[in-house]
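Working notes, structure below.
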């Protein structure tokens with residue numbers, strides 16, 4: 180019943196970005212942490228798929244009112260019904276976040292996380308002061324686990 | 180990775196009410212469902228304690244911005260930061276709800292659940308049209324699992 | 180720039196209930212208070228219509244993401260995008276609430292208001308401990324303005 | 180009862196930034212629009228002060244549960260109790276937004292607004308693709324009123 184570390188994966192993109200997200204999900208699960216994400220498709224689904232492949236546990240904080248909208252790799256769908264307002268819940272629930280690619284939704288999550296003083300590691304994501312740039316998936320996960328929050 | 184049933188336990192009280200909540204938590208875990216609750220003390224903690232005693236998994240949807248506020252029997256703390264606004268997330272995330280005792284916060288959850296057409300089973304709780312009254316913990320859990328939603 | 184008193188009108192129903200809500204809205208505006216409601220149809224629209232007929236100001240706290248969903252009598256539409264989660268915002272924003280008729284959504288608002296220690300006056304609404312029953316619209320508004328919060 | 184245009188002012192800073200925010204508030208009120216902001220101090224207060232100096236109406240979407248936390252220039256305090264989650268409500272309620280200076284909270288609002296396809300005009304703020312840079316307060320307000328949303 181000791182609390183597991185919870186790592187958030189945020190982002191958006193395709194191709195190489197999705198493969199990076201899946202690797203990040205695998206590495207998070209290998210280290211025994213919970214993975215939290217937005218529960219939908221793209222980077223969120225790829226990361227959850229990676230985590231499940233390593234036997235991890237995945238939490239999806241959904242914008243919708245119905246948990247049926249979650250991707251098939253989510254163990255615990257949380258149906259907030261708050262739309263984009265759920266982004267702040269993902270950030271609050273995570274101990275640290277890894278951003279993989281990403282568009283404006285990801286930017287809102289990066290901004291919230293930095294405001295709350297949480298570690299944000301970035302892989303080819305927004306270039307925002309405070310985001311720790313990682314060269315690859317291994318470094319991203321390593322730094323998300325070991326970087327002290329600001 | 181098939182989705183588990185998710186049963187919400189809501190309520191408030193002491194003594195006999197807490198013992199009932201713990202039994203309800205045990206019975207939910209025995210049937211292999213996830214337990215979702217508000218993550219704090221009282222009925223929420225007793226139910227989570229019961230579920231953990233049977234090896235179940237517990238989700239706490241917290242009002243606070245920090246997950247450290249959750250009780251020690253919560254596996255997955257979700258820090259919403261939405262205060263009482265989190266009650267609606269508990270209800271949306273659950274497939275069915277069991278109310279054990281309860282005060283005004285519980286009443287708000289019963290109201291949301293009935294509005295959303297979800298099954299609400301009651302054990303010594305508010306007498307509201309639509310709540311299914313159960314005589315004991317076994318009947319409460321049985322009906323939460325088997326009653327079709329309205 | 181002194182803060183005006185803000186009175187919330189909640190409820191649901193038709194015929195006589197809508198006429199009562201409109202009268203309640205008129206009386207609130209006559210006393211110089213802001214009217215806050217859920218911004219949609221039925222009791223919310225009738226109360227806002229009454230307030231506008233007396234030159235009052237109306238605020239609609241909407242469940243939707245778009246303010247275009249508000250009724251035509253709302254001066255200030257607040258688009259929360261939080262669905263039923265917006266009920267808690269109506270309650271927090273109001274100094275006191277008047278419930279006219281009402282179904283489960285109204286019950287959730289009554290429950291939140293009583294939990295927060297706010298005055299709730301009822302006109303043919305849910306019979307919940309803590310709600311002040313008023314015999315008519317005049318008494319309802321009078322008590323909403325003058326009853327000290329618990 | 181025709182809906183007024185609603186312009187959001189977001190940002191943070193001091194000195195010259197506050198003076199710019201006050202001017203922006205004045206110009207918004209002069210054009211007959213409602214001003215919506217986060218209701219607290221700094222840029223939010225300066226913009227509301229400017230709007231009131233021109234007889235405008237100001238709405239403050241507060242993070243707190245109590246409306247007493249709003250600044251003295253807010254006519255209509257909305258107490259969300261959602262913490263930073265209220266940022267998304269400011270953005271949804273505004274037709275267009277003007278960012279003056281700003282830190283991470285402002286960045287989250289810019290991100291939400293661009294995601295929702297709303298016009299964001301910036302005065303010495305984050306350099307994010309999609310933000311329209313204005314050279315001065317007059318141009319900022321002009322473009323917030325006249326730029327078509329994307």
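Residue numbers (our numbering), protein chains in the order written: chain A, 180 to 329; chain B, 180 to 329; chain C, 180 to 329; chain D, 180 to 329. Idealized CB from N, CA, C, for every residue including glycine.
- With respect to residue 203 of chain C, residue 229 of chain C sits close: the two C-beta atoms are nearer than 9 Å.
- Per the coordinates, the alpha-carbon of residue 253 of chain D lies some 16 Å from the alpha-carbon of residue 211 of chain D.
- In this structure residue 225 of chain C is in contact with residue 197 of chain C, their Cβ atoms being roughly 4 Å apart against a cut-off of 8 Å.
- Restricting attention to C:245, C:227, C:244, the CA atom closest to the CA of residue 237 of chain C is found in C:227.
- Contact check for residue 189 of chain D against residue 307 of chain D fails: the beta carbons are separated by 9 Å or more.
- Buried is the label assigned to residue 260 of chain D, since at least 16 other Cβ atoms lie within 10 Å of its Cβ.
- Cβ atoms of residue 319 of chain C and residue 300 of chain C come within 8 Å of each other, at about 5 Å.
- Nearest in C-alpha terms to residue 184 of chain B, of all of B:304, B:303, B:289, B:271, is B:271.
- About 14 Å separates the beta carbons of residue 293 of chain A and residue 281 of chain A, which is beyond the 8 Å limit, so they are not a contact pair.
- Non-local beta-carbon contacts of residue 219 of chain A in its own chain, meaning distances under 8 Å to residues more than five positions away in sequence, involve 239, 241, 242, 248, 249, 250 in chain order.
- Against chain D, the beta carbon of residue 246 of chain C has neighbours under 8 Å at 182, 185, 271, 272, listed in chain order.
- Here residue 317 of chain D is exposed: its Cβ has fewer than 16 other Cβ atoms, across all protein chains shown, within 10 Å.
- Among the residues facing chain B, residue 283 of chain C is included, as its CB has a counterpart in that chain under 9 Å away.
- The C-beta of residue 241 of chain C comes no closer than 9 Å to any C-beta of chain B.
- Under DSSP, residue 191 of chain A takes part in a beta bridge, and its partners are A:280.
- Rounded to the nearest angstrom, the gap between the Cα atoms of residue 209 of chain B and residue 231 of chain B is 10 Å.
- Residues of chain B with a Cβ closer than 7 Å to the Cβ of residue 218 of chain D do not exist; the shortest Cβ-Cβ separation is about 17 Å.
- Excluding its 5 nearest sequence neighbours in each direction, residue 304 of chain A has C-beta neighbours in its own chain below 8 Å: 190, 278, 279, 280, 281, 285, 289, 310, listed in chain order.
- Interface flag for residue 306 of chain B against chain A is unset, since no Cβ pair is found closer than 9 Å.
- Taking a beta-carbon distance threshold of 9 Å, residue 261 of chain B counts as an interface residue toward chain D.
- For the C-beta of residue 258 of chain D, not a single chain A residue is nearer than 7 Å; the gap to the nearest is close to 16 Å.
- For residue 255 of chain A, the neighbours in chain B by C-beta distance under 7 Å run, in chain order, 213, 238, 255.
- With 16 or more other CB atoms across the displayed protein chains lying within 10 angstroms of its CB, residue 264 of chain C is buried.
- The beta carbon of residue 186 of chain D sits closer than 8 Å to the beta carbons of 207, 212, 213, 214, 215, 273, 274, 275, 276, 277, 320, 323, 324 from its chain, once the five residues preceding and following it are set aside; these are given in chain order.
- With a threshold of 16 other beta carbon atoms within 10 Å, residue 246 of chain B meets it and is buried.
- At a cut-off of 9 Å between beta-carbon atoms, residue 267 of chain A makes contact with chain B.
- Proximity of residue 190 of chain D to chain A, defined by a Cβ-Cβ separation below 9 Å, is not satisfied.
- Beta-bridge partners of residue 237 of chain C (DSSP): C:214.
- Close CB contacts of residue 266 of chain C within its chain, under the 7 Å cut and outside five residues either way in sequence, are with 284, 287, 288, 291 (chain order).
- Under the DSSP assignment, residue 301 of chain A falls outside any alpha helix (DSSP H), being part of the beta strand (DSSP E) whose first and last residues are 298-302.
- Using a Cβ distance threshold of 9 Å, residue 182 of chain D and residue 256 of chain C count as a contacting pair.
- For residue 264 of chain B, the C-beta contacts it makes with chain D under 9 Å involve 259, 260, 261, 264, in order along the chain.
- The straight-line gap separating the alpha-carbon atoms of residue 200 of chain D and residue 258 of chain C is approximately 24 Å.
- The beta carbons of residue 244 of chain B and residue 192 of chain D sit no closer together than 9 Å.
- Using beta-carbon distances, residue 278 of chain D does not count as an interface residue toward chain A, since no partner is under 9 Å.
- The C-alpha of residue 326 of chain A is placed about 15 Å away from the C-alpha of residue 295 of chain A.
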